[in-house]
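Protein chains in written order, with our numbering: chain A, 1 to 382; chain B, 1 to 91.
Laid out in structure tokens, this is it:
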């Protein structure tokens, strides 16, 4: 049984005088272990509040480096941390916040090979990742290990929060049986996100974790909380266990972790795979072709706010989503180069144009970011 | 008297509105009416290539998941509230 030092009594005093927590509750927190999957926008406030609250052992999984574009919302990190390993910075920050808690670092991607092993050391997992494959992976880990998965996800001004605990309610697959096709739902890098939103949602996530540990209140099991920061509305939707759920239903067909990238149709790091090499153009090649070929047609498939940050001259702006309905603005015999921020959206656009019968369309490899690195450094990266 | 629609995620972004009203008797009619009103891009988000509502968009009729009612044939009545909530993954 955990005991508390004088310093800890002082540190946790505002909890200790709460009837719902008290010494026994604080002891539960100290005995508890929580795995934070991802320490970005959601994982920042989540892990900070868990550490501050005195959760005894906190695991952090992440492999990323701190980038300038993180600082608008990932409050674990400061400007001086740019370029450092998130995990190192986060662990140091959390230990400084509360040296009484143990911080365990996993400097790796959370994947089918390591996920069960890592998670089996924890009472609760908290999914703060930024992609569908890892969200389905976290779900399946939670169901197979029988531990709760405290879930939040965000999009622009909207947040979703719930607790998936298949012993008592639905799992993620009950709620969303299938992921969207790649590119159908923009992520934060593509669609943008209000910096404060993960702060709000990450603290809701932390509250749910703490409540589960303490066994107080009413957890968000079987309830999906929807928050819209734009009109500051909060709604609740009841969610149901799906008897046909392939992992927690009556006749489960999934008994072990699978290939989540395949399930989500994602082919990480090889978005140009489906394009043959003559459908791809390198930034340096484009730079010389623009001079030689005045008829070269450039299409930017990003969204207008991205266009305002930076763009290439003499370009036709057609956001990827609008492309299918605006094909009449283009000539199928033109020599076309398509670009976006990093080359992913434009590779889809090139595929689309190819299928639509365009003769010569090429994807700017690495997008305008690569153009900025290799051709024109005056173009800002974002 | 019409049905109140609440749109979430990218559907709200494409429609340019998060709440609207529409006349319909079933979920299926309601989705068709939305696709006509908000155009081809919206339709493509809503339906897959076989013309079925995409599975990553949850549809709730008065807070109840339409998958556990009569799916697209679920009847709707004046003053009902229908929410279209796509999965999002940002973190």
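Every residue gets a Cβ at the ideal spot worked out from N, C-alpha and C, and that includes glycine. In this text the structure is predicted, and so the values were computed from the model without any measurement.
- Residue 197 of chain A is not a Cβ neighbour of residue 208 of chain A, given a cutoff of 8 Å.
- DSSP lists A:161 and A:236 as the bridge partner or partners of residue 225 of chain A.
- Taking 3 residues as the shortest admissible run, the segment 261-349 of chain A contains the following complete beta strand (DSSP E) segments, listed from N- to C-terminal end: 297-300, 315-317 and 335-339.
- Rounded to the nearest angstrom, the gap between the Cα atoms of residue 249 of chain A and residue 334 of chain A is 53 Å.
- Along the segment 120-148 of chain A, the positions whose C-beta sits under 7 Å from a C-beta of chain B are 128, 129, 130, 131, 132 and 135, read in chain order.
- Residue 188 of chain A belongs to the set of residues whose beta carbon lies under 8 Å from a beta carbon in chain B.
- Taking the C-beta atoms as reference points, residue 153 of chain A is found no nearer than 8 Å to residue 51 of chain B.
- Straight through space, the alpha carbons of residue 143 of chain A and residue 253 of chain A are spaced by roughly 13 Å.
- CA-CA distance, residue 74 of chain B to residue 169 of chain A, rounds to 24 Å.
- Runs of the beta strand (DSSP E) lying entirely within the segment 89-173 of chain A and spanning at least 3 residues, in chain order: 102-106, 124-127, 149-155 and 158-164.
- A distance below 8 Å separates the beta carbons of residue 3 of chain B and residue 22 of chain B.
- Residue 5 of chain B has a beta carbon lying at 8 Å or more from every beta carbon in chain A.
- Under the 8 Å Cβ criterion, the segment 208-218 of chain A counts as touching the segment 28-39 of chain A, having at least three qualifying pairs.
- DSSP assignment within the segment 2-29 of chain B yields the following whole beta strand (DSSP E) runs of 3 residues or more, N-terminal first: 3-7 and 19-22.
- Neighbours of residue 351 of chain A in chain B, taken as residues whose beta carbon is under 9 Å from its own, are absent, since the nearest beta carbon is some 14 Å off.
- Distance between residue 318 of chain A and residue 329 of chain A, taken at the CA atoms: about 9 Å.
- The beta carbon of residue 23 of chain A sits closer than 7 Å to those of 16, all from its chain and outside the five residues before and after it, given in chain order.
- Excluding five sequence positions before and after residue 102 of chain A, the CB atoms of its chain that fall closer than 8 Å to its own CB belong to 56, 57 and 58, given in chain order.
- Just so you know, the alpha carbons of residue 64 of chain A and residue 306 of chain A end up roughly 24 Å apart.
- Judged by DSSP secondary structure, residue 37 of chain A falls outside any alpha helix (DSSP H) and instead within the beta strand (DSSP E) spanning 33-37.
- Using a C-beta cut-off of 8 Å, the segment 79-89 of chain A makes no contact with the segment 120-129 of chain A, since fewer than three inter-stretch Cβ pairs fall below that distance.
- Residue environment: residue 158 of chain A is assigned as buried (16 or more neighbouring CB atoms within 10 Å of its CB, all protein chains considered).
- For residue 59 of chain A, the enclosing beta strand (DSSP E) starts and ends at 57-61.
- A contact is defined here as three or more CB-CB pairs under 8 Å, and the segment 171-183 of chain A meets this definition with respect to the segment 236-250 of chain A.
- Proximity of residue 321 of chain A to chain B, defined by a Cβ-Cβ separation below 8 Å, is satisfied.
- When DSSP states are grouped into helix, strand and coil, residue 382 of chain A belongs to the coil group.
- Counting C-beta pairs closer than 8 Å gives three or more between the segment 47-54 of chain A and the segment 86-99 of chain A, which meets the contact rule.
- Residue pairing by DSSP puts residue 60 of chain B in a beta bridge opposite B:65 and B:83.
- Counting only the Cα atoms, residue 32 of chain A lies some 34 Å from residue 262 of chain A.
- Of all alpha-carbon atoms in A:175, A:359 and A:309, the one lying nearest the alpha-carbon of residue 332 of chain A is that of A:359.
- For residue 35 of chain B, no Cβ of chain A is located within less than 8 Å of the residue's own Cβ.
- Between residue 265 of chain A and residue 181 of chain A, the C-beta spacing is below 8 Å.
- Look at residue 68 of chain A here: in three-state DSSP terms it is helix.
- Per the Cβ contact rule, the segment 271-290 of chain A is in contact with the segment 337-353 of chain A (3 or more Cβ pairs under 8 Å).
- Rounded to the nearest whole angstrom, the C-alpha separation of residue 228 of chain A and residue 234 of chain A is 6 Å.
- Three or more Cβ pairs closer than 8 Å define a contact, and the segment 340-350 of chain A falls short of that threshold against the segment 371-380 of chain A.
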